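Here is the structure we will look at, set down as structure tokens.
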Amino acid sequence: MKTLLLVGLGSACGGILRFLAVEGVARLWPHKLPLGTILVNVTGSFAIGFLAGLTRPSGEPVLSGDARNALLVGVLGGYTTFSAFSLQTLNLARDGEWPLALWNVLLSVLLCLVAVFAGHAVAKSLT
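With the sequence shown counted from 1, adding 1 to any position gets you this note's numbering.
Below, the structure written as structure tokens:
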């Protein structure tokens, strides 16, 4: 029950952070391409790579099981937005914005892969 509460609270926090980030980016840089969602997915990918890569010299994770669940599953699961990315890509395609739909897919996938590798590498360099 404790784990479910931690994941639920983390998810709520992650969802709020996602909303603030996406809305903030939309206000600063209004564009048809969902730049806020891309930013959230890239920063979330970096964060999950970093947190997953934080280990002690013995290879044991630095974060406890509860902390890992709360942060990786809860906060970052609520923060990152793959379902929103998918719907936004579909909407761009339906609106005939095929180049933007393609850019959304390419930027999101490539930048998130680079970010998760970078986050993991940064964590490993600290341990």
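We treat Cβ as the ideally placed atom computed from N, Cα and C, and that holds for glycine. Remember, predicted model here, so these are calculated numbers, not experimental data.
- The region 71 to 86 makes contact with the region 7 to 20, as at least three CB pairs between them are under 8 angstroms.
- Taking 9 angstroms as the cut-off, the beta carbon of LEU108 is found no closer than this to the beta carbon of LEU55.
- In terms of Cα proximity to THR90, the closest of THR38, ALA68, TRP30 and LEU111 is THR38.
- Rounded to the nearest angstrom, the Cβ distance from GLY120 to GLY78 is 16 angstroms, too far for a contact under 8 angstroms.
- A straight line joining the alpha-carbon of GLY97 with that of PRO35 spans about 15 angstroms.
- The distance from the Cβ of VAL41 to that of ARG19 is about 5 angstroms, consistent with a contact at the 8 angstroms cut-off.
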